[in-house]
Amino acid sequence: MILIAYRHGLRASEVCDLQWHQVELAAGRLHVPRSKRGTSSVHPLQGDELRALRRLQREQRATPHVFVSERGAPMAPKSLHALIQRLGERAGMPFAIHPHMPRHGCGYELANKGHDTRAIQGWLGHRSITSTAVYTALASNRFKDFWRE
152 MILIAYRHGL RASEVCDLQW HQVELAAGRL HVPRSKRGTS SVHPLQGDEL RALRRLQREQ
212 RATPHVFVSE RGAPMAPKSL HALIQRLGER AGMPFAIHPH MPRHGCGYEL ANKGHDTRAI
272 QGWLGHRSIT STAVYTALAS NRFKDFWRE
């Protein structure tokens, strides 16, 4: 759940609402509808994501939702928040963590890898480039190739 949220920059509500009909395992694609009036898109799935999703599909009982609680109900954002908080504590994080951090981590990672701001905007589903600029403004390699010929 955390891997999918991180790689695709999903909000807590988006990862909790994810349904199997949005996942094309054979084609390796994830249909990402965005909340908060964001721009929906289709993302490629990486091998480790595909393996994890196939395993999850095999091991859980039939349900339309990809991520469910122990009782088989769709995972609620509040439950995801509690889970992330517990994992952070168990990992010995020196600060509290929350479910929006994987989304931020995705934005910063893509910016640090040198991806174009517009591409990151599309990946995260931001309607406004201003929402994306925060990630690229702090990228360590932002000025790396200025003046190179």
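What the sequence shown shows, in the working numbering, is residues 152 to 300, in sequence order.
By construction, the Cβ of each residue, glycine as well, lies at the ideal position given by its N, Cα and C atoms.
Handout entry: Boundaries of the beta strand (DSSP E) in which L181 is found, first to last residue
Key = Locating residue 181 in the sequence shown gives position 30, counting from the first residue. Note, L181: beta strand (DSSP E), 180 to 183.
Exercise for the section: With a threshold of 16 other CB atoms inside 10 Å of the CB of E300, please say whether the residue is buried or exposed. Expected result: For the purposes of this step, residue 300 is identified with residue 149 of the sequence shown, where counting begins at 1. That one is exposed.
Problem - Run of the alpha helix (DSSP H) containing P253, from where it starts to where it stops - result: Counting from one through the sequence shown, the residue named residue 253 turns up at place 102. P253 -> alpha helix (DSSP H) spans 252 to 263.
Exercise for the section: Report the three-state DSSP secondary structure of P228 (helix, strand or coil). Expected result: Here residue 228 refers to the residue found at position 77 when the sequence shown is read from its first residue. Helix, per DSSP.
Practice task
Give me the Cα-Cα distance between Q173 and P215, rounded to the nearest whole angstrom.
Solution key: As a first step, residue 173 must be located in the sequence shown, where it is residue number 22. As a first step, residue 215 must be located in the sequence shown, where it is residue number 64. Approximately 10 Å between the Cα atoms of the pair.
Exercise for the section: Please classify A247: is it buried, with 16 or more other beta-carbons within 10 angstroms of its beta-carbon, or exposed? Expected result: Position 96 of the sequence shown, counting from 1, holds the residue named residue 247. Exposed is the label assigned to A247, since fewer than 16 other Cβ atoms lie within 10 Å of its Cβ.
Practice task
With a 10 Å radius around its C-beta and 16 neighbouring C-beta atoms as the bar for buried, classify A262 as buried or exposed.
Solution key: Residue 262 sits at position 111 when you count from the first residue of the sequence shown. That one is buried.
Problem - Beta-carbon spacing of H232, P250 below 8 Å - result: What you label residue 232 is simply residue 81 of the sequence shown in a count that begins at 1. What you label residue 250 is simply residue 99 of the sequence shown in a count that begins at 1. Against a cut-off of 8 Å, the Cβ pair of P250 and H232 comes out as a contact.
Practice task
Can you grab the Cα-Cα spacing for the pair L169 / R206, in whole Å?
Solution key: By one-based count along the sequence shown, residue 169 stands at place 18. By one-based count along the sequence shown, residue 206 stands at place 55. Straight-line Cα distance between these residues: approximately 16 Å.
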